[in-house]
Amino acid sequence: MKYDQARWTDDDDERYEPLLSEKANREVAVEDSPLPDDLTRDSLELPDPAEPELARHYTRLSQMNYGVESGPFPLGSCTMKYNPSFTEDISRRADAAVHPDRPDSTVQGTLALCHRLQDYLGRIGGMDAVTLQPPAGAAGEFTGIQIAKAYHQHNDDERSEVVIPDSAHGTNFATAAMAGYDVVELPSGEDGRVDIEALEAAVSEETAALMLTNPNTLGLFERDIEAIADVVHDAGGLLYYDGANLNALLGRARPGDMGFDVMHYNVHKTFATPHGGGGPGAGPVGVTEDLAGFLPDPHVRSKDGGFEYYTPDHSVGKVHGYYGNWPVLLKTFAYVTRLGDAGLIDASAKAVLNANYLAEQIPYEVPFGPFHHEFVASASPQDAADAAKRMLDHGVHPPTTKWPEIVDEALMTEPTEGESKRSLDQLAAAFEAVHGEDDETLASAPERTAAGRIDQVEAARTPRLSWQALDSET
Amino acid sequence: MSESDVSTTGSPYAPHTPAETAAMLEALGVDDVEALFDVPDAVAFDGDFGIDARGERETRREAARLLRRNDDLTEFLGRGHYDHYVPSVVDDLSKRSEFLTSYTQYQPEIAQGFLQALFEYQSMLVELTGLGVANCSMYDAATALGEAATLSQRVRSVSGDRILVPEHLRDGKHAVLENYADGPDLSVESYPMDDGQADVAALAEMADEDVAMVYAETPSVRGVVAENLASVGDVTDDHDALFCLGSDPVALALLERPADVGADVVVGDAASLGIGTAYGFGLGMFVTREEYLRQVPGRLVGASEDANDRRAYTLTLQTREQHIRKERATSNICTNQAWVALRTAMHAAWLGPQGLVDLAEECVTRAEGLATRLDEVVGLQAPVHDGHHFREFVVRTDQPARAVVEDLAARGYAVHAVDEHLLQVCTTEVTADEEAAFVEAMAEVAR
Amino acid sequence: MSFDVPDDLRYLESHEWVRVDDATARVGITDFAQDELGDVVFVELPDDGEELTAGEEFGVVESIKAVSDVYAPVSGTVTAVNDALFDEPELVNEDPFGEGWMLEVELADAGELDDLLSPEEYGDQIA
Numbered sequence: 516m517k518y519d520q521a522r523w524t525d526d527d528d529e530r531y532e533p534l535l536s537e538k539a540n541r542e543v544a545v546e547d548s549p550l551p552d553d554l555t556r557d558s559l560e561l562p563d564p565a566e567p568e569l570a571r572h573y574t575r576l577s578q579m580n581y582g583v584e585s586g587p588f589p590l591g592s593c594t595m596k597y598n599p600s601f602t603e604d605i606s607r608r609a610d611a612a613v614h615p616d617r618p619d620s621t622v623q624g625t626l627a628l629c630h631r632l633q634d635y636l637g638r639i640g641g642m643d644a645v646t647l648q649p650p651a652g653a654a655g656e657f658t659g660i661q662i663a664k665a666y667h668q669h670n671d672d673e674r675s676e677v678v679i680p681d682s683a684h685g686t687n688f689a690t691a692a693m694a695g696y697d698v699v700e701l702p703s704g705e706d707g708r709v710d711i712e713a714l715e716a717a718v719s720e721e722t723a724a725l726m727l728t729n730p731n732t733l734g735l736f737e738r739d740i741e742a743i744a745d746v747v748h749d750a751g752g753l754l755y756y757d758g759a760n761l762n763a764l765l766g767r768a769r770p771g772d773m774g775f776d777v778m779h780y781n782v783h784k785t786f787a788t789p790h791g792g793g794g795p796g797a798g799p800v801g802v803t804e805d806l807a808g809f810l811p812d813p814h815v816r817s818k819d820g821g822f823e824y825y826t827p828d829h830s831v832g833k834v835h836g837y838y839g840n841w842p843v844l845l846k847t848f849a850y851v852t853r854l855g856d857a858g859l860i861d862a863s864a865k866a867v868l869n870a871n872y873l874a875e876q877i878p879y880e881v882p883f884g885p886f887h888h889e890f891v892a893s894a895s896p897q898d899a900a901d902a903a904k905r906m907l908d909h910g911v912h913p914p915t916t917k918w919p920e921i922v923d924e925a926l927m928t929e930p931t932e933g934e935s936k937r938s939l940d941q942l943a944a945a946f947e948a949v950h951g952e953d954d955e956t957l958a959s960a961p962e963r964t965a966a967g968r969i970d971q972v973e974a975a976r977t978p979r980l981s982w983q984a985l986d987s988e989t
Numbered sequence: 143m144s145e146s147d148v149s150t151t152g153s154p155y156a157p158h159t160p161a162e163t164a165a166m167l168e169a170l171g172v173d174d175v176e177a178l179f180d181v182p183d184a185v186a187f188d189g190d191f192g193i194d195a196r197g198e199r200e201t202r203r204e205a206a207r208l209l210r211r212n213d214d215l216t217e218f219l220g221r222g223h224y225d226h227y228v229p230s231v232v233d234d235l236s237k238r239s240e241f242l243t244s245y246t247q248y249q250p251e252i253a254q255g256f257l258q259a260l261f262e263y264q265s266m267l268v269e270l271t272g273l274g275v276a277n278c279s280m281y282d283a284a285t286a287l288g289e290a291a292t293l294s295q296r297v298r299s300v301s302g303d304r305i306l307v308p309e310h311l312r313d314g315k316h317a318v319l320e321n322y323a324d325g326p327d328l329s330v331e332s333y334p335m336d337d338g339q340a341d342v343a344a345l346a347e348m349a350d351e352d353v354a355m356v357y358a359e360t361p362s363v364r365g366v367v368a369e370n371l372a373s374v375g376d377v378t379d380d381h382d383a384l385f386c387l388g389s390d391p392v393a394l395a396l397l398e399r400p401a402d403v404g405a406d407v408v409v410g411d412a413a414s415l416g417i418g419t420a421y422g423f424g425l426g427m428f429v430t431r432e433e434y435l436r437q438v439p440g441r442l443v444g445a446s447e448d449a450n451d452r453r454a455y456t457l458t459l460q461t462r463e464q465h466i467r468k469e470r471a472t473s474n475i476c477t478n479q480a481w482v483a484l485r486t487a488m489h490a491a492w493l494g495p496q497g498l499v500d501l502a503e504e505c506v507t508r509a510e511g512l513a514t515r516l517d518e519v520v521g522l523q524a525p526v527h528d529g530h531h532f533r534e535f536v537v538r539t540d541q542p543a544r545a546v547v548e549d550l551a552a553r554g555y556a557v558h559a560v561d562e563h564l565l566q567v568c569t570t571e572v573t574a575d576e577e578a579a580f581v582e583a584m585a586e587v588a589r
Numbered sequence: 031m032s033f034d035v036p037d038d039l040r041y042l043e044s045h046e047w048v049r050v051d052d053a054t055a056r057v058g059i060t061d062f063a064q065d066e067l068g069d070v071v072f073v074e075l076p077d078d079g080e081e082l083t084a085g086e087e088f089g090v091v092e093s094i095k096a097v098s099d100v101y102a103p104v105s106g107t108v109t110a111v112n113d114a115l116f117d118e119p120e121l122v123n124e125d126p127f128g129e130g131w132m133l134e135v136e137l138a139d140a141g142e143l144d145d146l147l148s149p150e151e152y153g154d155q156i157a
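Residue numbers (my numbering), protein chains in the order written: chain A, 516 to 989; chain B, 143 to 589; chain C, 31 to 157.
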């Protein structure tokens with residue numbers, strides 16, 4: 516297997532270098548403006564490439580970047596599935612590009628589409644009402660926990676704690692803290708799942724909610740989910756579902772049916788909206804009927820054959836300045852509409868099949884199972900991070916490494932439904948090759964990428980976060 | 143892939159042939175893929191969603207059918223969400239799949255392209271604000287303001303729990319701030335405005351040692367260019383509070399640098415470059431002083447060297463973030479708006495420094511020109527506030543504002559009703575050719 | 031892997047050490063602690079004159095993979111801070127008991143030293 520990524524050429528190399536934009540900066544004076552001088556700046560220095568130069572600059576930068584269309588991307592917990600092209604076109608429709616301050620009556624199409632998407636997501640999650648406002652998964656978590664808080668306060672029931680398994684996503688902990696809760700960390704049982712006894716010990720009349728991912732970060736279904744729900748509900752707490760792993764369960768189980776009261780959907784995972792190098796995503800939140808009155812302001816409902824915004828009676832207020840990440844929601848609508856029941860159910864089937872097949876083909880041990888859409892292999896005695904760097908040289912994106920910590924030198928692997936058998940066999944060959952390599956080779960990887968191994972320590976000891984910081988050094 | 147067989151064959155984006163599926167199942171020793179699901183019967187879902195699959199063309203048609211119900215209006219709307227012309231090259235380049243379909247840059251060796259683009263974005267914001275550290279995005283202006291409020295709680299030199307915000311503030315922004323303020327128990331209070339400017343005397347009167355942050359905007363939500371920011375900064379300084387300034391990259395190309403008026407944090411919507419009208423879809427700008435570096439929320443791209451001693455970029459100072467620091471992280475943000483930041487950087491580079499300054503100047507002259515023409519219309523006075531305006535201004539109308547909005551909609555235009563007799567009008571280069579007809583329509587409905 | 035545990039120091043369970051010289055105590059983090067953290071990139075310390083309380087946090091040590099609070103083994107007034115760490119945080123890794131020291135305090139209560147771990151006790155803890 517041979518792989519070489521585009522890179523900038525060396526300074527002493529005579530090959531063509533398109534443009535390092537910082538070398539093309541130009542400073543202009545700000546003078547004779549329509550504002551008085553004391554209200555204006557003196558000058559502005561920015562890159563000033565001509566359009567052909569700009570095009571080459573960013574094209575070359577794109578060649579120094581790896582996306583889902585570049586090759587396999589089995590990054591655990593991230594669901595890097597193929598992003599259908601046509602959804603981009605729908606998100607860019609001119610009649611969808613409306614201003615958020617328009618009266619409801621003039622954006623009935625937008626409201627109709629939002630109403631339809633709310634309904635679809637509710638069906639998929641088994642939830643009674645859905646808000647589209649949260650602009651990301653973590654924003655969905657924050658919305659959901661604020662809803663739980665408002666619900667308890669509405670019942671004159673002040674609670675101070677949120678219970679979270681030790682294997683949960685970092686966002687869960689940070690969200691609970693942001694909402695003003697103390698975090699109670701729940702140790703995982705020996706089988707990698709929630710330990711009911713530990714849960715009973717952790718839950719009390721202070722418990723506002725338990726945040727749970729199912730299947731969990733090891734890909735394991737929490738088989739005791741009904742008992743878990745009972746423990747939390749008996750204590751007066753709510754059950755929050757982190758939708759990060761929903762791609763495992765489409766059409767097999769729904770959070771609402773498992774006893775969850777609040778959930779968020781990661782549309783950039785489950786519903787194939789592109790990750791965009793870190794974002795934008797969207798994190799719609801679904802709730803049961805009892806919590807519908809607490810949804811963010813405003814919410815869409817149908818009225819007299821049309822649609823309108825209204826403020827739910829006990830609304831938690833707003834979590835985004837407007838209506839959320841609208842173009843991303845359009846892509847979500849497009850994906851769900853395209854796939855329908857048959858496609859969504861098949862997506863989960865193939866995602867689970869792919870994860871199980873890949874695990875079977877690779878030489879690394881997978882200590883916990885049965886898993887669904889992802890598995891966590893152990894690279895031990897190799898260093899998982901080093902093994903991952905070496906996988907880059909084999910032309911594939913590596914798994915998530917060293918997390919969750921319950922597995923020694925974790926390789927958290929999620930191939931998604933988008934890989935064919937042939938592609939999985941090639942991916943397995945990359946695992947196989949890396950498995951056979953010595954520590955020295957791994958530690959010096961990667962070699963065939965745009966940059967060699969990057970010095971993280973230097974980056975953090977001497978933070979240089981702008982051209983200006985680089986300039987002031989020289 | 144044909145259009146006709148979509149409803150029966152499953153996901154069009156799972157490439158398995160039946161033979162491959164069979165071979166994979168055989169390798170796993172199971173007959174049916176359902177055997178791989180470990181879901182107890184009690185919670186298994188055996189219904190259906192009732193969502194019919196459609197072909198790609200049919201899906202596009204369905205989206206078109208729904209969206210057709212949006213009225214085709216020429217929008218003179220702003221108040222934080224602006225329409226500037228985005229060149230085609232930004233669309234084309236940003237849509238390259240290596241950018242669009244990539245993940246957060248946790249493997250920097252294969253993400254140098256996006257990292258460098260984000261480094262460029264951060265650098266542009268440093269230049270525009272004069273402050274030392276820009277993160278590579280928050281969700282939008284409102285959430286960035288919320289994050290600034292929580293930052294004030296982590297900065298050692300600041301104590302107190304009062305956040306002072308201007309009376310003229312977008313409701314949505316205020317509401318989001320309230321949610322961010324809820325966890326740390328901060329109280330959000332409004333200080334008065336005097337003819338569109340912060341009433342500094344009143345602000346000074348309100349301020350005490352319990353103030354953690356003072357927020358001001360330029361231009362304000364009503365489009366007024368602030369003239370007394372340094373005084374706001376002084377009041378803030380007197381009480382060891384953070385001075386947070388709201389703006390956007392187009393305005394910052396022309397207006398005095400936030401660092402020069404004493405701002406500690408700059409927030410706002412940077413998608414005024416790169417996106418255009420998108421129903422409030424934005425890009426939270428967050429820039430602050432270097433001394434607060436370790437309290438910054440969100441991701442930061444830094445320069446470093448690779449194993450061959452060549453310049454390389456990487457996400458850095460990640461111990462601030464949720465995936466490492468969990469409940470003690472500076473924010474819960476994970477997924478951000480990186481791709482929007484990429485577009486904003488591209489758009490700014492396309493304009494270049496002169497182009498950006500010219501655009502900002504046009505925002506002033508165009509707003510003031512349209513206000514002058516509307517002021518000549520019987521039944522209208524514009525602008526209501528003295529002072530300079532940027533893109534937009536408030537208009538007093540003798541007719542009820544809501545009736546004017548409705549009458550204008552019937553004529554194909556959208557404006558915003560601020561209250562019973564105040565309208566707000568925004569114009570940019572995108573609406574330039576429509577201004578004359580808009581003034582005529584206003585003349586018809588305003589008398 | 032074995033770690034240095036100098037005989038002439040007292041220790042906290044949270045991996046801080048203290049070296050007493052008359053009424054002054056010098057404080058840092060142990061060899062074990064720096065190894066657990068990995069490459070230290072940033073150190074935050076209190077100013078001269080600040081009061082420390084035994085058992086409470088007084089500063090922060092940051093590596094690229096973790097951030098740790100540092101706890102005061104003893105109570106007292108800060109009389110000196112190791113400024114060198116601000117430019118060269120790697121001294122904490124290279125010489126944790128020497129040039130990587132963090133601060134000196136004037137002891138408020140020498141009796142608190144009896145509550146700390148002996149080298150043997152600390153050595154057992156990290157074994």
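C-beta: ideal position from N, C-alpha, C; glycine also.
So, residue i versus residue j, is the Cβ gap smaller than 8 Å?
| i | j | result |
| --- | --- | --- |
| GLU129 (chain C) | ALA110 (chain C) | no |
| ALA689 (chain A) | GLN464 (chain B) | yes |
| LEU396 (chain B) | SER558 (chain A) | no |
| GLU510 (chain B) | HIS531 (chain B) | yes |
| MET927 (chain A) | THR915 (chain A) | yes |
| GLY637 (chain A) | ARG196 (chain B) | no |
| LEU143 (chain C) | ARG40 (chain C) | yes |
| GLU880 (chain A) | ASP898 (chain A) | no |
| ALA663 (chain A) | ALA759 (chain A) | no |
| GLY222 (chain B) | GLY338 (chain B) | no |
If contacts are defined as beta-carbon pairs under 8 Å, then residue i and residue j qualify, I think. What distance do you get, rounded to the angstrom?
| i | j | result |
| --- | --- | --- |
| ARG976 (chain A) | VAL71 (chain C) | 5 Å |
| ALA654 (chain A) | GLY794 (chain A) | 10 Å between Cβ atoms; not a contact. |
| LEU991 (chain A) | ALA490 (chain B) | Any question about residue 991 (chain A) goes unanswered here, given that chain A covers just 516 to 989. |
| ALA401 (chain B) | VAL374 (chain B) | Not quite, the Cβ-Cβ distance comes to about 14 Å (not below 8 Å), so this is no contact. |
| ILE711 (chain A) | ASN729 (chain A) | Not a contact, Cβ separation roughly 15 Å. |
| THR472 (chain B) | TYR224 (chain B) | The pair is not a contact, with the Cβ atoms about 29 Å apart (cut-off 8 Å). |
Between the options, which has its C-alpha nearest residue i's C-alpha?
| i | options | result |
| --- | --- | --- |
| ALA750 (chain A) | A:PRO599, A:LEU806, A:ASP672, A:TYR573 | A:ASP672 |
| THR360 (chain B) | B:GLU369, B:GLU289, B:LYS237, B:ASP448 | B:GLU369 |
Residue i versus chain E: which residues are under 8 Å apart at the beta carbon?
| i | result |
| --- | --- |
| PHE848 (chain A) | Among the chains of the structure shown, chain E does not appear; the protein chains present are A, B and C. |
Taking any Cβ of chain A, which residues in the stretch 299-326 of chain B have a Cβ under 8 Å from it, in chain order? ARG312, GLY314, LYS315, ALA317, VAL318, GLU320, ASN321, TYR322, ASP324, GLY325, PRO326
Short-range partners of chain B found in the stretch 626-658 of chain A, where Cβ spacing is below 8 Å: ALA627, LEU628, ARG631, TYR635, ARG638, ILE639, GLY641, PRO650, ALA651, GLY652, ALA653, ALA654, GLU656, PHE657
I'd like the ranges of any alpha helix (DSSP H) spanning at least 4 consecutive residues and lying wholly in the stretch 293-375 of chain B. 313-324, 342-348
To be precise: take each residue of the stretch 73-99 of chain C, compare its Cβ to all Cβ atoms of chain A, and keep it if any distance is under 7 Å. Which residues remain? ILE94
Any chance you could list the beta strand (DSSP E) runs of at least 3 consecutive residues sitting entirely within the stretch 527-587 of chain A, in chain order? 540-544, 558-562
Kindly provide the ranges of any alpha helix (DSSP H) runs that are 4 or more residues long and lie completely inside the stretch 605-636 of chain A, ordered along the chain. Those alpha helix (DSSP H) runs which fall completely within the stretch 605-636 of chain A and span 4+ residues do not exist here.
Can you give me, in chain order, the residues of the stretch 456-476 of chain B that have a beta carbon less than 9 Å from any beta carbon in chain A? THR456, LEU457, THR458, LEU459, GLN460, THR461, GLU463, GLN464, HIS465, ILE466, ARG467, LYS468, GLU469, ARG470, ALA471, THR472, SER473, ASN474, ILE475, CYS476
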